[in-house]
Ligand SMILES: C[S@@+](CC[C@H](N)C(=O)[O-])C[C@H]1O[C@@H](n2cnc3c(N)ncnc32)[C@H](O)[C@@H]1O
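Residue numbers (our numbering): 127 to 396.
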């Protein structure tokens with residue numbers, strides 16, 4: 127993986143524009159409802175010891191860190207983007223959470239933490255933007271304690287949403303990004319108003335094998351949001367219907383295979 131590519135993605139993520147866009151698309155009231163269900167489920171799968179420490183790796187605006195802190199975890203929230211961390215700081219102040227969550231500027235490709243520091247790590251929607259995903263995975267594994275749990279959320283390249291959109295765009299000649307197929311998934315490189323951005327739709331089977339081959343057990347593999355099409359449509363009624371369907375799918379079905387959002391709960395072998 128080329129260093130220049132990592133640097134150009136890093137430069138884009140350093141700017142505030144992209145974080146504002148994500149905030150507007152994903153930090154909505156309807157989405158918060160889904161995240162509440164998802165994190166209730168995730169926390170119910172953990173059996174936390176007293177004083178467990180959580181790393182929110184690639185924390186963005188810290189909304190998930192806040193959820194975890196409310197469940198009683200000590201949280202270190204890390205991101206390499208100064209502008210994301212500034213937004214996170216304001217977010218923590220508005221929820222009066224500054225004392226509960228420690229913000230740290232960290233690059234997932236070279237974390238400053240000692241080996242086996244954390245009981246739990248959350249990495250939600252982050253690996254998909256990292257060109258050198260292998261390096262990030264080995265750093266996350268390094269700083270996780272033996273017996274510790276890593277929670278990952280990524281977009282699934284084999285989901286119904288991905289297959290339909292991919293084929294429609296090919297048919298209509300509307301694909302604007304450069305697409306590259308790798309073992310890890312389909313990598314979309316687009317030039318946004320903030321600069322070059324990589325977004326990977328992950329080959330989830332590959333990701334699971336990657337962890338299983340390096341000393342992890344897959345404790346759970348469930349769906350996240352069935353689709354993120356709510357970011358691409360405008361009628362409010364339609365957006366509401368999509369969220370309703372996503373929430374029902376997650377609450378009662380959770381089958382990951384056709385779903386765009388996929389959540390993996392992985393335990394590092396003791
Ligand atoms: C799509 S946002 C997700 C934020 C947060 N996890 C959430 O779900 O709300 C991806 C975040 O990962 C951060 N990120 C990407 N690559 C990173 C890296 N190599 N080291 C640290 N943070 C990184 C970005 O700056 C951004 O804040």
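Every residue, glycine too, gets a C-beta built ideally from N, C-alpha and C.
When rounded, the separation of the alpha-carbon atoms in residue 306 and residue 158 is 32 Å. Counting of Cβ neighbours within 10 angstroms places residue 185 among the buried residues, the total reaching 16 or more. Short note on residue 322: C-beta not closer than 7 Å to any heavy atom of ligand 1. Under the three-pair Cβ rule at 8 Å, the segment 335-345 does not count as touching the segment 146-162. Here residue 380 carries a coil assignment [DSSP, helix/strand/coil]. A residue is called buried when at least 16 other Cβ atoms come within 10 angstroms of its Cβ; residue 382 meets this threshold and is buried.
Cβ neighbours of residue 141 within its own chain (closer than 7 Å, five residues either side excluded): 209, 320 and 321.
Residue 347 is bridged by DSSP to 390. Counting along the chain, residue 203 sits inside the beta strand (DSSP E) bounded by residues 200-205.
Taken through DSSP and simplified to helix, strand or coil, residue 222 comes out as coil. Residue range 155-170 is occupied by the alpha helix (DSSP H) that includes residue 166. Uninterrupted alpha helix (DSSP H) stretches at least 4 residues long and entirely within the segment 226-293 occur at 259-269, given in chain order. For residue 341, the distance from the CB to the nearest heavy atom of ligand 1 is not below 7 Å.
Relative to the Cα of residue 350, the nearest Cα in the group 377, 202 and 218 belongs to 377. For the 8 Å CB-CB criterion, residue 168 and residue 391 form a contact. Close CB contacts of residue 384 within its chain, under the 7 Å cut and outside five residues either way in sequence, are with 285 and 286 (chain order). A straight-line Cα-Cα distance of about 7 Å links residue 183 and residue 205. Closest by C-alpha distance to residue 348, out of 177, 279, 195 and 174, is 279. When the alpha-carbon of residue 259 is set against those of 242, 364 and 131, the nearest one is in 131. Counting along the chain, residue 307 sits inside no alpha helix (DSSP H); it lies in the beta strand (DSSP E) bounded by residues 304-308. In terms of Cβ geometry, residue 277 and residue 389 form a close pair [threshold 8 Å].
By the C-beta criterion, the segment 214-234 is judged to be in contact with the segment 186-194, since at least 3 inter-stretch pairs fall below 8 Å. DSSP lists 312 as the bridge partner or partners of residue 327. Residue environment analysis places residue 224 among the exposed positions, since fewer than 16 neighbouring C-beta atoms fall within 10 angstroms of its C-beta. CA-CA distance, residue 163 to residue 239, rounds to 31 Å.
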